[in-house]
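Student: Sharing a structure with you now.
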Amino acid sequence: MKERILKLAKRLNKFTFDEIALISEADEQNLTGILDELEQEKRLKKSNNLYLYIANTAPSKPKVAFNFSSRYRHHSKETLNLIMKAFCADIDVLKTAQILGVSRKCILGFYNDFKELIYNNQKNELLKKYSKRPMMASIRVFFNTETYYYFYENKLFVSKEKLESNIEANYSLDERLKLKALYARAKRKIVNSCGYQKNFHHHIAEKIWRDEKSYEELLEELNELLGF
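Residues in the sequence shown are numbered consecutively from 920, following my numbering.
Printed below as a string of structure tokens:
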């Protein structure tokens, strides 16, 4: 949610609390906390009742290392862009293959690459947050596979492996309820198919990543992750 509010702030450039509350449809209490955090991080400046967006002048964070396979070199930039757009629009593999005249296996490879990249990116973010404030994992079993979930700043993270620390804090009741709700929402979007059993953590990470984001936001983030 914080990232979504920051993106809205960037687009609006200047806005009132009521304006961003109306557009984001965020809970007013959570929105107040997020705006306060962004102000402390010097991403926003408040003047009377007006918020001003401040561009980030800090060095950009390093991108997740990604090993581009040969299929990226064998397709034009235009085709890659269309595949990325189809993925962000949540068009399934078979339909995308038929529309673009590319093999299903090839499209599946691209989609799996994107999901792996999304998982690794959020895992890196999780590791940074966990190192500062270790929290107990919430364990879930789906397709006979254990995955581990963590909750920081109203955001759900998933890990294939359980993170380890000598001292771990428990979540508050409110945090547990939010974690449970976010997981249930992501899980509902997983099709009950054997195709999701392999690398399930990649699939659930993708569903979490999509949550409450517009097509434009998803495409922008995927472009950033791929370095395009």
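Ideal Cβ placement from N, Cα and C applies to all residues, glycine included. The structure displayed is predicted, hence computed values, not measured ones.
Given a cut-off of 8 Å on the beta-carbon distance, is the pair Ile-973 and Lys-961 in contact?
Tutor: The residue given as residue 973 occupies position 54 in the sequence shown. The residue given as residue 961 occupies position 42 in the sequence shown. Going by C-beta atoms, Ile-973 is nearer than 8 Å to Lys-961.
Student: Below 8 Å between beta carbons: does that hold for Ile-1109 and Lys-1081?
Tutor: In the sequence shown, residue 1109 corresponds to position 190, counting from 1. In the sequence shown, residue 1081 corresponds to position 162, counting from 1. No; because the gap between Cβ atoms is not below 8 Å, this pair is not in contact.
Student: Within the continuous beta strand (DSSP E) that includes Glu-1065, where are the two ends?
Tutor: What you label residue 1065 is simply residue 146 of the sequence shown in a count that begins at 1. Run containing Glu-1065: 1064 to 1071, per the beta strand (DSSP E) assignment.
Student: Can you tell which of Arg-992, Ala-928, Cys-1007, Tyr-970 has its C-alpha closest to the C-alpha of Trp-1128?
Tutor: On the sequence shown, position 209 is the one that residue 1128 refers to. Answer by Cα proximity: Cys-1007.
Student: Report the three-state DSSP secondary structure of Tyr-972 (helix, strand or coil).
Tutor: The sequence position of residue 972 within the sequence shown is 53, counting from 1. The answer is strand: DSSP assigns Tyr-972 an E or B state.
Student: In this structure, does DSSP put Ala-928 in helix, strand or coil?
Tutor: One-based indexing of the sequence shown puts residue 928 at position 9. It is helical.
Student: Have a look at Leu-1154 and Leu-1138 and give me their C-alpha separation to the nearest angstrom.
Tutor: There is no way to answer for residue 1154, as the model of the chain reaches only from 920 to 1147.
Student: When burial is assigned at 16 or more other CB atoms within 10 Å of the CB, is Ser-1022 buried or exposed?
Tutor: Position 103 of the sequence shown holds residue 1022. With fewer than 16 other Cβ atoms within 10 Å, it is exposed.
Student: Between which residues of its own chain and Ala-1056 is the CB-CB distance below 7 Å, once the five residues before and five after are set aside?
Tutor: Here the question's residue 1056 lines up with position 137 in the sequence shown. So the qualifying residues of the chain are Tyr-1067, Tyr-1068, Tyr-1069, Lys-1081, Leu-1082.
Student: So which of Arg-1104, Met-1003, Ala-1100, Ser-1091 has the shortest CA-CA distance to Leu-1144?
Tutor: Taking the first residue of the sequence shown as 1, we reach residue 1144 at position 225. If we check each option's Cα against that of Leu-1144, Met-1003 comes out closest.
Student: Return the CA-CA distance between Asn-1073 and Leu-1092, expressed in angstroms with no decimal places.
Tutor: Mapped onto the sequence shown, residue 1073 falls at position 154. Mapped onto the sequence shown, residue 1092 falls at position 173. Cα-Cα distance, rounded: 13 Å.
Student: Roughly how many angstroms lie between the CA atoms of Gln-948 and Ile-1010, to the nearest whole one?
Tutor: For the purposes of this step, residue 948 is identified with residue 29 of the sequence shown, where counting begins at 1. For the purposes of this step, residue 1010 is identified with residue 91 of the sequence shown, where counting begins at 1. In a straight line, the C-alpha of Gln-948 is about 35 Å away from that of Ile-1010.
Student: For the beta strand (DSSP E) holding Lys-1024, just list the boundary residues, first then last.
Tutor: Looking up residue 1024 in the sequence shown gives position 105. Segment 1023 to 1051 is the alpha helix (DSSP H) holding Lys-1024; no beta strand (DSSP E) there.
Student: On the three-state DSSP scale, how would you describe Leu-963?
Tutor: Within the sequence shown, the letter at position 44 stands for residue 963. Leu-963 falls in the strand class under three-state DSSP.
Student: To the nearest whole angstrom, what separates the beta carbons of Tyr-991 and Leu-1001, a pair I think is in contact under 8 Å?
Tutor: Numbered from its first residue, the sequence shown carries residue 991 at position 72. Numbered from its first residue, the sequence shown carries residue 1001 at position 82. In fact, because the Cβ distance is near 14 Å, the residues do not count as touching under 8 Å.
Student: Would His-1121 and Glu-1065 qualify as a contact pair, given that the criterion is a beta-carbon distance under 8 Å?
Tutor: Taking the sequence shown and counting its residues from 1, one reaches residue 1121 at position 202. Taking the sequence shown and counting its residues from 1, one reaches residue 1065 at position 146. No, the Cβ-Cβ distance between His-1121 and Glu-1065 is not below 8 Å.
Student: Compare the beta carbon distance of Leu-950 and Tyr-970 with 8 Å and say whether it is the shorter of the two.
Tutor: Within the sequence shown, residue 950 is the residue found at index 31, counting from 1. Within the sequence shown, residue 970 is the residue found at index 51, counting from 1. No; because the gap between Cβ atoms is not below 8 Å, this pair is not in contact.
Student: Quick check on this structure: which residue in Gly-1028, Asn-932, Ala-1124 has the alpha carbon closest to the alpha carbon of Ile-1037?
Tutor: The count along the sequence shown starts at 1 and reaches residue 1037 at position 118. Closest by alpha carbon: Ala-1124.
Student: Locate the beta strand (DSSP E) running through Ile-1058, then write down its first and last residues.
Tutor: Walking along the sequence shown from the start, residue 1058 turns up at place 139. 1057 to 1061 is the span of the beta strand (DSSP E), which, as asked, contains Ile-1058.
Student: Give me, in chain order, the residues of the same chain whose beta-carbon lies closer than 8 Å to that of Lys-1132; leave out the 5 immediate sequence neighbours on both sides.
Tutor: Looking up residue 1132 in the sequence shown gives position 213. The residues are Arg-923, Glu-1140.
Student: What would DSSP say about Met-920, mapped onto helix, strand or coil?
Tutor: On the sequence shown, position 1 is the one that residue 920 refers to. Three-state result, Met-920: coil.
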